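Its first residue numbered 1, the sequence shown is counted upward by one per residue in this note's numbering. By construction, the Cβ of each residue, glycine as well, lies at the ideal position given by its N, Cα and C atoms. Remember, predicted model here, so these are calculated numbers, not experimental data. Below: one structure, written as structure tokens.
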Amino acid sequence: MMWMVLSALQALAPVTFEAITWKLFWNSSEEQFSPDFGAVCRGRLDAGTLAALVFEAEGRFEDTPQLVVARKGRAAWRISVQGRGAHAGSHHRQGANALVQLAHLLPRVAALTDYGRDLTFNVGTVRGGTVLNRVPHEAVAEGEFRCFTSEVFEEARAALRALEGRGEVASVADGFACQSRVEVLSESQPWPRNPGSDRLFAVWQRAAAELGRSVRAQARGGLSDGNLIWDVVPTLDGLGPWGEHDHCSERSADGAKVPEYVAVSSFVPKAVWNVRAIERLAMGSNIDI
């Protein structure tokens with residue numbers, strides 16, 4: 001898509017193409033947290049940069065295209081529980097079952113989800129124990145939370161950390177209690193709705209109207225590299241082609257479930273739209289994009 005847009009501008013709008021300093025960035029860390037890529041971008045964006053255009057896939061609401069003006073932030077977390085191991089038959093009273101303690105904690109983590117505030121907590125993996133005849137001495141759960149604003153993000157982190165400390169599961173023999181530890185493994189801050197992204201969306205909205213199309217602004221739950229740069233340069237996302245079934249690799253025999261795909265027919269119309277919008281954005285200015 002980026003090649004199509006730049007080739008069209010070079011061929012059909014050479015004055016605009018030559019007036020602009022184009023800076024292209026590719027992140028090879030697919031689906032990996034990569035703050036180093038954000039640092040690379042931020043180190044090369046300056047006060048003359050008019051826009052950061054992100055070519056993640058276009059969204060759709062029914063048949064209406066959606067461009068991304070905000071994204072949830074994400075924190076990955078780990079809860080580790082330390083208990084006391086014991087023989088499950090001979091010394092069960094001595095044990096403090098870390099898995100049982102973790103089982104007490106996980107519903108409390110899930111209950112932190114608040115759809116009214118666009119805050120979601122997901123328990124992703126759970127592991128613990130060794131063999132069936134031993135009271136488990138440790139257990140670990142990992143997951144994530146996501147939300148759209150920094151305020152909710154900070155509150156969510158604090159609520160998660162409040163689960164740390166002495167647990168209610170303890171040895172019957174002497175009261176030795178399980179202990180829980182909460183770690184935040186990585187963070188990608190939210191990209192909230194903001195005037196810079198809204199101004200860019202308005203440009204693409206006008207270009208869509210000129211082409212006889214409509215478009216919606218989308219706040220998307222998934223992350224992109226836009227989360228890493230929106231606060232230093234106006235950013236618009238979803239400028240790539242349209243597809244569906246993100247991250248799905250399964251196909252059912254009846255065809256009801258198909259893997260991730262991109263619609264080939266969406267490339268040319270989207271490229272035309274992007275070219276029209278970039279021309280209007282750049283008109284009359286010597287700028288970086």
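- [ ] Output the boundary residues of the alpha helix (DSSP H) element that contains I20.
- [x] Note, I20: premise wrong, no alpha helix (DSSP H); not H, not E.
Open item on the list: Using the three-state DSSP reduction, which class does M243 fall into: helix, strand or coil?
Closed with: According to the sequence displayed, residue 243 carries Gly and not Met. Correct three-state label for G243: strand.
- [ ] Note the first and the last residue of the continuous alpha helix (DSSP H) segment covering W273.
- [x] F267 to A282
- [ ] Could you name the residues of the same chain whose beta carbon sits closer than 7 Å to that of H245, not counting the 5 residues immediately before and after it, in chain order?
- [x] V258, P259, E260 and Y261
Open item on the list: Across the segment 37–54 and the segment 233–249, are there enough close Cβ pairs to call them in contact, namely three or more that are closer than 8 Å?
Closed with: yes
- [ ] Could you tell me which residues DSSP pairs with R134 in its beta bridges?
- [x] H87
Task: Candidates E279, E168, Q32 and E142, of which the one nearest L160 by Cα - done: E142
Open item on the list: So that I know if they touch, is there some Cβ in chain C lying closer than 8 Å to that of Q94?
Closed with: The chain inventory of the structure shown lacks chain C, comprising one protein chain alone.
Task: Residue burial classification, C248 (beta-carbon count within 10 angstroms, cutoff 16) - done: exposed
- [ ] Decide if N286 is buried, meaning its Cβ has at least 16 other Cβ atoms within 10 Å, or exposed.
- [x] Residue confidence for N286 is low, a pLDDT of 46 falling below 50, so the modelled location carries little weight; the figure read from the coordinates is stated next. Exposed, because fewer than 16 other Cβ atoms sit within 10 Å of the Cβ of N286.
Open item on the list: Quick check on F176: does DSSP put it in helix, strand or coil?
Closed with: coil
Task: Delimiting residues of the beta strand (DSSP E) encompassing V126 - done: T120 to G128
Task: Cβ shell of F267 (< 8 Å), same chain only, five flanking positions each side left out - done: M1, M4 and P241
TODO: Quick one: residues in its chain with C-beta nearer than 8 Å to the C-beta of G89, no 5 flanking neighbours on either side, listed in chain order?
DONE: N133
Task: W204 - DSSP class collapsed to helix/strand/coil - done: helix
Open item on the list: With the cut-off set at 8 Å, would you say W22 and V184 are in Cβ contact?
Closed with: no
TODO: Counting only the same chain and skipping the five closest in sequence on each side, list residues whose C-beta sits under 6 Å from that of V172.
DONE: R93
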